[in-house]
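Here the sequence shown is numbered in numbering that gives the first Met the number 0, starting from 0 and rising by one per residue. By construction, the Cβ of each residue, glycine as well, lies at the ideal position given by its N, Cα and C atoms. All values derive from a computational prediction rather than experimental measurement. So the structure is just underneath, and the comments pick up after that.
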Amino acid sequence: MISRRHLLAAGALAATGAPAFAADHRPIRLVVPYPPGGPLDTVARALAERVKDSLGQVVVDNKPGAGGNLGADFVARSAPDGHTIVMGAVATHAINPWLFARLPYDPVRDFTPITLVAQVPNVLVMNAETAARLKIATLADFIAYAKRHPGQLNYGSGGNGSAGHLAGEMLKSLAGVYAVHIPYGGAAPAQLALLGGQVDFNVDNLAAASANIRNGKLKALAVTTPRRASAMPELPTAAEAGLPGFDISTWFGLFGPAGLPADTTQRLNKAFTDALAAPELKSRMATLMIEPAPTTPEQFAAFVKSELAKYQKVVRLSGARVD
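Spelled out as structure tokens, the structure:
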């Protein structure tokens, strides 16, 4: 399948003799492999509006299904002419390759990285009443308690193989503790279970958890990124709190099909990274607790490879598999 795609890409380039992207005024299709309304979709639509002066019309096309695989595969099969790109994510390009027994695309060979767009910090949170009852005020307290009481803490997630599940397994491995995983049918039910005291802790994205952190219903122990989150800078990083290496976040970025010409890739990169630097867009993303993270195509390619290697280990630890 992969070799056939590469032959198709080469044929398309040979047939045009020059990037079609630069030769006509067709709109660019920006595929979002998830339903409308989520943070990734919101940022995609804001970017599409922002780049219209430099790239022309950009149409957001939601193609959800199979954990993002359907939309990603659609772009992998498209002509490499700059008119079809995808807002890929940590799931489509780092987790799903190890989670799904049969993936219809290769996350590296079937795509041309354009730029990382944004990262959403994750945060380790406990039910506030539980934390107070167990006298857990810091990440060090949490780890010490879990080591003294193996298996007595449990955590919820949006399901087996979800980001919250994998983050919990990484936490257990790095901290050398054992806690019971309880999967729910989505991130929202998992958060409700945490708020209701049915589970003790979750690793959630900061945007989803922030309101309940601020109202005192959740106790935040640390963010799981190398740097503090600009939206809540008072929260320490996991490394600062005593657990180096706990680096896990939700991210998304732009990819084209394999074989995208270098000049087309650079033009797309410049348009989208310039848009991400605009104060209006940065302000809009800040309200969603999403941090812009523009890169060069080369930096993004290296980042994806490092994330693939990281999640290969984490998925293996979790034992999760989708047939």
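{"Item": "Supposed close pair residue 158, residue 182 - CB separation, criterion 8 Å", "Value": "5 Å"}
{"Item": "Rounded separation between residue 244 and residue 312 - CA only", "Value": "13 Å"}
{"Item": "Three-pair Cβ contact test at 8 Å for the segment 134-143 versus the segment 203-223", "Value": "yes"}
{"Item": "At least 3 beta-carbon pairs within less than 8 Å: the segment 295-304 vs the segment 47-67", "Value": "no"}
{"Item": "Residue 312: first and last residue of the uninterrupted alpha helix (DSSP H) it sits in", "Value": "296-317"}
{"Item": "Where the beta strand (DSSP E) containing residue 61 begins and where it ends", "Value": "57-61"}
{"Item": "For residue 202 and residue 170, believed in contact at Cβ under 8 Å, the rounded distance", "Value": "6 Å"}
{"Item": "Uninterrupted beta strand (DSSP E) stretches inside the segment 202-242 (no shorter than 3 residues)", "Value": "217-222"}
{"Item": "Sequence-distant residues of its chain with Cβ nearer than 6 Å to residue 92 (five each side left out)", "Value": "106, 303"}
{"Item": "Cβ-based burial, residue 151 [other Cβ within 10 Å; buried from 16]", "Value": "exposed"}
{"Item": "Burial state of residue 265 (16 or more Cβ within 10 Å)", "Value": "exposed"}
{"Item": "Where residue 117 falls, given that 16 or more other Cβ within 10 Å makes a residue buried", "Value": "buried"}
{"Item": "Given residue 112 as reference, the closest of 129, 103, 128, 79 once Cα atoms are compared", "Value": "79"}
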